[in-house]
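*Asks:* Could you have a look at this structure, given as structure tokens, before my questions?
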Amino acid sequence: MRLGTYVLTADMPETDRLWATITAWWKAIEVLLVTGVTNARTEAAHPGIKQIKRTGRGYRNPDNYRARILLASAARTAA
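Here it is, written out as structure tokens:
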């Protein structure tokens, strides 16, 4: 039996919600299963960028802000 059949047979709100989530995200799930590629590196960089923004106390020049992010990123990848 397929998962959708089990969901219909169970007739529970939890399984209905799970099935709705799986069908909504199926393309992304399939890409992960086939290629093994995720956006984990991008997500891991966000806290560091937010910390730079916090310590900068409001960069007025976007070029300086970008340079700080690139410098921190280069230091992380070189270490």
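Position one of the sequence shown corresponds to residue 254 (my numbering), numbered consecutively onward.
Where a beta carbon is used, it is the ideal one built from N, C-alpha and C, also for glycine.
Note down the Cα distance separating R321 from V284, rounded to an integer number of angstroms.
*Replies:* Counting from 1 along the sequence shown, the entry for residue 321 is found at position 68. Counting from 1 along the sequence shown, the entry for residue 284 is found at position 31. C-alpha separation (whole angstroms): 33 Å.
*Asks:* What residue range is occupied by the uninterrupted alpha helix (DSSP H) comprising P269?
*Replies:* The sequence position of residue 269 within the sequence shown is 16, counting from 1. The sequence given here has Asp at residue 269, not Pro. That run of the alpha helix (DSSP H) goes P266 to T288.
*Asks:* Just curious, the alpha helix (DSSP H) that G301 is in, first and last residue?
*Replies:* The residue you call residue 301 lines up with position 48 of the sequence shown. Run containing G301: A293 to G309, per the alpha helix (DSSP H) assignment.
*Asks:* Where does V260 land, buried or exposed, given buried means 16+ other C-beta within 10 angstroms?
*Replies:* For the purposes of this step, residue 260 is identified with residue 7 of the sequence shown, where counting begins at 1. Buried.
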